[in-house]
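Chemist: The following block contains the structure, expressed as structure tokens.
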Amino acid sequence: MFSESPLVQKLYERLSHKIKVVSQNIDDKVQSAITDRASAPSDNLNPPTYLDEMLILQTLKTIESKAKNKIEQSDKSWS
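Numbered continuously in this note's numbering, the sequence shown closes out at residue 90.
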């Protein structure tokens, strides 16, 4: 997957951890926004729909996937 260099492994682990933390923070913020929007007063004419939530989650998964791919490409270029 990537070079056996301890420095590269450590960098990969740190970046992987940061991606997980950022992804979790984004997930938390999105869930909070969805909850806030769903619990808004009943005069809200555009409540979130299942499709809205799925679109948000798919976008986040795409961002995470692209970030992982960039890390893997970086690892390959170092080895």
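By construction, the Cβ of each residue, glycine as well, lies at the ideal position given by its N, Cα and C atoms.
These numbers were taken from a predicted model, which means no experiment stands behind them.
Please report the distance separating the alpha-carbon of Asn-80 from that of Thr-46.
Modeler: 31 Å
Chemist: Return the Cβ separation of Ile-82 and Leu-26 in integer angstroms, given the expectation that the two are a contact with Cβ distance under 8 Å.
Modeler: 5 Å
Chemist: Note down, in chain order, each residue of its chain lying with its Cβ closer than 7 Å to the Cβ of Ile-30, except the 5 sequence neighbours on either side.
Modeler: Glu-75, Ala-78 and Lys-79
Chemist: Out of Gln-84, Ser-34 and Tyr-61, point me to the one whose CA is closest to Lys-72's CA.
Modeler: Ser-34
Chemist: Would DSSP call Thr-60 helix, strand or coil?
Modeler: In the three-state DSSP reduction, Thr-60 falls in the coil class, being neither helix nor strand.
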